[in-house]
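Chemist: Please see the structure below; I have some questions.
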DNA sequence: ATTACTAAGACACGAGTAT
DNA sequence: TATACTCGTGTCTTAGTAA
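Protein chains in written order, with the numbering used here: chain L, 1 to 230; chain S, 1001 to 1230.
Spelled out as structure tokens, the structure:
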């Protein structure tokens, strides 16, 4: 049987006030104020915690002396360890972009082909001739895009061919749906509005991952120092 | 306005499933199972979180894509940091004893006076001529007393005066009610049962802290290496 | 002063169901 | 399939008050 949120918060409040390590003298009125409930409710919360073996209570003249039991401490520890994983194991600076697959203009393939060798040299893979267009979902993800764009990019230098000028292309390594290493490419003079990203990968992503228009995808930006440029 | 326990737990559950760092595709049924509530309630919980700006929601064909907002992350962080203090700042090996002030036999003052200079040398303060007797509250605290007694003590050496032998006195530095530095003294041949502790301090504790018989006190044992023996 | 019981009211839950 | 509405039911809260 799981602990109820109210009970957990009661333990938490008591622990913050010192009842984790020692007995803490406290009135139900005080506790009620901390928890934002009435004195009566606070009283019942404490009784519930005592009944379930989370808290040790001794009645005294000026209130109660409360102290968490091992079991109560265990409940806090479980949450603490879960939060520890959330806050520390997963890097704080992880940049994740959520988006939806959209139909491209079809001109991507042409350019990817022209830059193919240069991409291969810079990214370590020969790109599939075509781009996956991903529309950025929401503000949160748009922020992530901005974060990505302010991180150090891989630059594929432009060149001149047949008298025509091809500009630099900015690349960011990403992992698509936690499965395939790919790259966001941003041409100097892009025809897209800024909320659509173009992705290239060593394989045909639509086939490989079964992505149709409207499919949700996750892009995790891979910091340059972690990328294996082969 | 404070976050409700249910809402916090919702954020917590979402964060554990990955919605802290990225959008997480999830159905209300799934979330309901995790939280131990119905699909309908889970739906309402999410809506509440969205309404209050804790969670970003995008509806998709196979459920919702949920992601904590900065505000939502902030709520988790607050709790995380509080737990961090509880679990790490306060040393795990902190020894705390809970007790009640009891009437002494009155002979304490006599002995304290005789040992006064020796206490001053060992403890760094000249003790008020009298002892505060504290009855140990419960098993938890009795365990703490045992822990204290197995930690390195300060020994005030005995002596011979007027042909009479005064034995060694074992001392442990303690902080009383987190306010006044004092010491537990244990005579070699004590008349007390082992659940009563004698406390000396530079001041009259009964007056200074307004302690009457029956008052609850907390003794925090100060490890020797942390004590300032002046 | 406290804690905590009782009872009435508020609010949350979940079944059914619309979308 | 989803999400999320309405609404009857039941649980939780709080005011009053006893102990």
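Cβ atoms here follow ideal geometry from the backbone N, Cα and C, with glycine treated the same way.
1) For residue 22(L), go through chain S and note every residue whose CB falls closer than 7 Å to its CB, in chain order.
2) What does the alpha-carbon distance come out to for the pair residue 123(L) and residue 181(L)?
3) Using a threshold of 6 Å, is the CB atom of residue 1180(S) nearer than that to any non-hydrogen atom of the ligand ATP?
4) Would you say residue 1005(S) lies against chain L (beta-carbon separation less than 7 Å)?
5) Taking only beta-carbon atoms, is residue 1043(S) less than 7 Å away from chain L?
6) Taking only beta-carbon atoms, is residue 1172(S) less than 7 Å away from chain L?
7) Below 7 Å on C-beta distance, what does residue 1198(S) contact in chain L?
8) Quick check on residue 34(L) - is its C-beta less than 7 Å from some C-beta in chain S?
9) Is residue 1075(S) closer than 7 Å to residue 1132(S) when the C-beta atoms are compared?
10) My guess is that residue 1130(S) and residue 1204(S) are in contact by the Cβ rule of under 8 Å, so how many angstroms apart are they, rounded?
11) Under 7 Å Cβ-Cβ, which residues of chain S neighbour residue 15(L)?
12) Does the segment 37 to 52 of chain L come within contact of the segment 1104 to 1121 of chain S, defined as at least 3 CB pairs closer than 8 Å?
13) Can we say the segment 67 to 86 of chain L touches the segment 1005 to 1020 of chain S, given the rule of at least three CB pairs closer than 8 Å?
14) I think residue 1101(S) touches residue 1217(S), with their Cβ atoms under 8 Å apart; what is that distance to the nearest whole Å?
15) Ordered along the chain, which non-local residues of its own chain (more than five positions away) have a Cβ less than 8 Å from that of residue 196(L)?
16) Expressed to the nearest angstrom, what Euclidean distance is found between the alpha-carbon atoms of residue 1214(S) and residue 1037(S)?
17) When burial is assigned at 16 or more other CB atoms within 10 Å of the CB, is residue 1150(S) buried or exposed?
18) What is the residue span of the alpha helix (DSSP H) that residue 38(L) lies within?
19) With DSSP collapsed to three states, give me the class of residue 1114(S).
20) Tell me whether residue 73(L) is buried or exposed, calling it buried when 16 or more other Cβ atoms sit within 10 Å of its Cβ.
21) Under 7 Å between C-beta atoms, does residue 1082(S) make it to chain L?
22) What do you reckon, are the CB atoms on residue 1144(S) and residue 1174(S) nearer than 7 Å?
23) With a threshold of 7 Å between beta carbons, is residue 1148(S) in contact with chain L?
24) Under 7 Å between the Cβ atoms of residue 171(L) and residue 183(L)?
25) Against chain L, with Cβ distances strictly below 7 Å, would residue 1067(S) count as a contact?
Modeler: Reading off the structure:
1) Going along chain S in sequence order, the residues near residue 22(L) (Cβ under 7 Å) are 1096, 1098, 1218.
2) Separation of residue 123(L) and residue 181(L) (C-alpha to C-alpha, rounded to the nearest whole angstrom) is 10 Å.
3) What this structure holds is no ligand at all, so the ligand ATP is not there to describe.
4) So, interface residue.
5) At least 7 Å separates the CB of residue 1043(S) from every CB of chain L.
6) Not an interface residue.
7) For residue 1198(S), no chain L residue has a C-beta closer than 7 Å to its own C-beta; the minimum C-beta separation is roughly 20 Å.
8) Closer than 7 Å to the CB of residue 34(L) there is not a single CB belonging to chain S.
9) Going by C-beta atoms, residue 1132(S) is not nearer than 7 Å to residue 1075(S).
10) By a beta-carbon distance limit of 8 Å, residue 1130(S) contacts residue 1204(S). Their separation comes to about 7 Å.
11) In chain order: 1086.
12) Touching, no, given that fewer than three Cβ pairs across the two stretches are closer than 8 Å.
13) The segment 67 to 86 of chain L and the segment 1005 to 1020 of chain S touch, with no fewer than 3 CB-CB distances between them shorter than 8 Å.
14) Residue 1101(S) to residue 1217(S), Cβ: 6 Å. Contact.
15) Contacts found: 102, 133, 134, 135, 136.
16) About 46 Å.
17) Sixteen is the threshold: since fewer than 16 other Cβ atoms of the shown chains lie within 10 Å of the Cβ of residue 1150(S), the residue is exposed.
18) Element bounds for residue 38(L): n/a, residue is neither H nor E.
19) It is helical.
20) Looking at its Cβ environment, which holds 16 or more other Cβ atoms inside 10 Å, residue 73(L) is buried.
21) So yes, residue 1082(S) belongs to the interface.
22) In terms of Cβ geometry, residue 1144(S) and residue 1174(S) do not form a close pair [threshold 7 Å].
23) Chain L contact via Cβ: absent.
24) Contact flag set, yes.
25) Yes - at least one Cβ of chain L is within 7 Å of the one on residue 1067(S).
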